[in-house]
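Just add 1070 to the spot in the sequence shown (first one is 1) and you have the numbering used here.
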Amino acid sequence: METILFLTPSDGALSKNALETLAATKQLADSLGATFSVGLWGDETQASADGLAACGAAKFFAVTGPEFAQSRYSTDSAAVEALCRASGATLVLGPSGSRWNRILAGVAHRLGGRADSHVTGLSVADGAPAIARWFYRQRMEGVLTRTQRPWVLALESGIAPAWQGAPGSATIEAVACTPAAPRSKVTGIESPAEDLQTIRPDADLLFVSGAGWTKKQPDGQIKTEEAQKIILDFLRLSRASLGSTKSLVDLHGEGQATLTFLSHMNQVGQTGSTPRHAKGLSTCCHGEEPHTVGWRFIGERRAISLDPNCGWARGKADVLYVADAFAVMDKVNALLAAK
Ligand SMILES: Cc1cc2nc3c(=O)[nH]c(=O)nc-3n(C[C@H](O)[C@H](O)[C@H](O)COP(=O)(O)OP(=O)(O)OC[C@H]3O[C@@H](n4cnc5c(N)ncnc54)[C@H](O)[C@@H]3O)c2cc1C
C-alpha cells in the first residue's frame, strides 16, 4: 500500500497549481484505495493547514519557523526531507514551480528514491501508480511506472481542477528540522512592474504575436510602434499571457526593429514553451511550430492572418479570421476599454 504525501510551501495563499496538485493527489489516493497526508513548510503553517482542513487528508505535517520563510535550497530541501521521513511517504507530490522543481531531485537522492518532473497525468496501472509526461519536445506522451520509492513528483499546472473546500481547523503534527546555517541571505525581492511581466501562466488566454506585426503592411509602411502599442494595450485590458513566434523574438538578436518587450522567454513552439491556457489567439503568424507544438495544450484556438492560404492557421485554428490584425485588435481594444 502506498503512503501518499502532498507537499507545498506555506508562503501565503496557496497557488492555483498547489490546489490542482492537491486535487490530483486526492484522486490518485482514491483510485489506489489509499489515504494521503498534507505536508507544509514555512514561517507560518497553521493558516494554510486550516485552509485545507476539509480536503480529506489523514494527517497534516508541518515544519515551521522563520528560517523556512524564504525560498532557499538548503532550508527548503531540509524541510522537505524531514517531512518525507516523518510521514514515511512512498509517493510525494508537489506543484511545479521554481521552489519545488529546484529541490525535488536533491531530496529524492537523499531519501534513496527517484524524481520525475513535468508530470501531466496520474493513473493506476495494474494496481500501481503511473505518471504521464511528454517527450521529444512535447510530441509524444509516455506513461511510466517506477518500482523505486519514495517517488517524488512535480505536477504541471492545468491537469486537474483546483481543490475547493471550506476552511476549518486542522491538527498539525510538528516535524523537527534543524537545517545547516544558511550561507545565503535574502535581502529583498526585485521584480519587474506588473505590466512589464507579460508571461502569465494563470491567464485564460494566450496571445501569440508573429513576425507579421513588424513586416511591411499593405499600405507599404512598417508600423512597429503601432504594433507595440496595440499589443501592450490588449495585454493590459485582457490580462492575457504573451507568446511569440521564434521569427519575431529572433529579430531582436539581429538588431532589427522589433517589439521591445519580447524575449526568448515568450517563444512558444518546438524550441520554445508549450503553455497551458483555456484559449489561444495567434496574430500575424504563419509558422508550424507556434500553431502545432506551441498550441498543443490550448483548448480553443483562433488566428488572425492576412494569408487565406496559411495551412497551419487553417488546419490548426478552430476559427480563422482572414483579416488585418492591426484593424481587428484596434477594434477589440476599443470594445474592451468600453467595457
Ligand atoms: C528546428 C526548428 C525549430 C523551430 N522552433 C520554433 C519555435 O519553437 N517557435 C516558432 O515560432 N518557430 C520555430 N521555428 C520557426 C518556424 O518554422 C517558423 O519559421 C516561424 O514560426 C515563422 O514565424 P512567423 O509566423 O512569426 O513569421 P512569418 O512566417 O513571417 O509569418 C508572418 C505572417 O504574418 C502575416 N501578416 C502580416 N501582416 C499581417 C497583418 N497586418 N494582419 C494579419 N496577418 C499579417 C503574413 O501573412 C504571414 O502569414 C523553428 C524552425 C526550425 C527549423
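Note that CB positions come from ideal geometry on N, CA and C, so glycine has one too.
Since we're looking at a predicted model, the values are computed, not measured.
Compute the minimum distance between the beta carbon of residue i and the heavy atoms of ligand 1, and state whether it is under 7 Å.
i       : result
Glu1296 : no
Ala1088 : no
Val1338 : yes
Pro1360 : yes
Ser1375 : yes
Gly1183 : no
Ser1193 : no
Ser1317 : yes
His1188 : no
Lys1285 : yes
His1356 : yes
Thr1134 : no
Ala1395 : yes
Thr1341 : yes
Gly1282 : yes
Gly1364 : yes
Cys1247 : no
Cys1380 : yes
Beta-carbon within less than 6 Å of residue i's beta-carbon, same chain only, minus the 5 sequence neighbours each way: which residues are those?
i       : result
Ser1193 : Ala1200
Ala1236 : Ala1124
Gln1337 : Ser1314, Lys1316, Val1319
Cys1354 : Gly1280, Gly1282, Trp1283, Ala1395
Arg1270 : Ser1311
Measure the beta-carbon distance from residue i to residue j and round it to whole angstroms, keeping in mind my assumption that it falls under 8 Å.
i       : j       : result
Leu1321 : Ala1281 : 7 Å
Asp1272 : Lys1086 : 6 Å
Trp1277 : Leu1390 : The sequence given here places Phe at residue 1277; Trp does not occur at that position. Not really, about 16 Å apart at Cβ, beyond 8 Å.
Gly1258 : Asp1120 : That belief does not hold up - the Cβ atoms of Gly1258 and Asp1120 are roughly 29 Å apart, past 8 Å.
Phe1076 : Gly1109 : 7 Å
Val1245 : Leu1153 : 6 Å
Gly1385 : Val1363 : Incorrect: roughly 14 Å between the Cβ atoms, too far for contact.
Ser1080 : Gly1112 : 4 Å
Ile1301 : Asp1400 : 11 Å between Cβ atoms; not a contact.
Ala1348 : Ala1230 : Incorrect: roughly 15 Å between the Cβ atoms, too far for contact.
Thr1145 : Pro1252 : 6 Å
Leu1214 : Thr1091 : Not confirmed; about 19 Å, so no contact.
So, for residue i: in the same chain, excluding its five sequence neighbours on each side, which residues have a beta-carbon less than 8 Å away from its beta-carbon?
i       : result
Asp1388 : Glu1370, Arg1371, Arg1372
Thr1160 : Glu1072, Thr1073, Ile1074, Arg1219, Pro1220, Trp1221
Glu1324 : none
Ser1147 : Ile1173, Gly1176, Val1177, Arg1180
Thr1115 : Ser1080, Ala1132, Val1133, Thr1134, Ile1242
Gly1357 : Gly1280, Thr1315, Lys1316, Ser1317, Gly1339, Trp1382
Which residue from the options puts its Cα closest to that of residue i?
i       : options                            : result
Ile1242 : Ala1123, His1356, Asp1400          : Ala1123
Thr1050 : Cys1154, Trp1170, Ala1273          : Nothing in the structure corresponds to residue 1050, since the chain is present only between 1071 and 1409.
Asp1265 : Arg1203, Arg1306, Gly1082          : Arg1306
Thr1328 : Ser1317, Arg1172, Ile1229          : Ser1317
Phe1396 : Ala1250, Arg1180, Leu1376, Thr1217 : Leu1376
Ser1311 : Pro1288, Leu1089, Ile1368          : Ile1368
Thr1344 : Ile1173, Glu1324, Gly1313, Lys1409 : Gly1313
Trp1382 : Ala1408, Glu1359, Ala1250, Val1398 : Glu1359
Gly1212 : Gln1267, Cys1354, Val1189          : Val1189
Phe1106 : Thr1134, Gln1116, Gly1082, Lys1129 : Lys1129
Met1157 : Thr1217, Thr1145, Val1133, Asp1186 : Sequence inspection shows Ser at residue 1157; the Met mentioned does not correspond to that position. Comparing Cα-Cα distances from Ser1157 to each of Thr1217, Thr1145, Val1133, Asp1186, the minimum goes to Val1133.
Ala1117 : Lys1293, Ala1240, Asn1403, Asn1379 : Ala1240
Pro1411 : Ala1393, Gln1208, Ala1348, Val1256 : An answer regarding residue 1411 cannot be provided, because it is not within the stretch 1071 to 1409 covered by the chain.
Glu1137 : Phe1331, Lys1255, Ala1297          : Lys1255
Gly1191 : Met1335, Leu1163, His1361          : Leu1163
Checking contacts by CB at 8 Å: is residue i closer than that to chain C?
i       : result
Glu1243 : Of the chains in the structure shown, none is chain C; there is only one protein chain.
Could you pull the DSSP bridge partners for residue i from this structure?
i       : result
Ala1224 : Gly1164
Val1338 : Ser1343
Asp1186 : Leu1223
Pro1199 : Val1194
Phe1076 : Val1108, Leu1163
Gly1313 : Val1278
Arg1371 : Gly1350
Leu1214 : Ile1201
Lys1421 : Examination of residue 1421 is not possible in this model, given that the chain is present from 1071 through 1409 alone.
Ala1244 : Ala1132
Tyr1391 : Ile1374
Below 7 Å CB to CB, which residues in the same chain sit around residue i once its five sequence neighbours on both sides are set aside?
i       : result
Ser1308 : Leu1275, Leu1406
Val1402 : Phe1304
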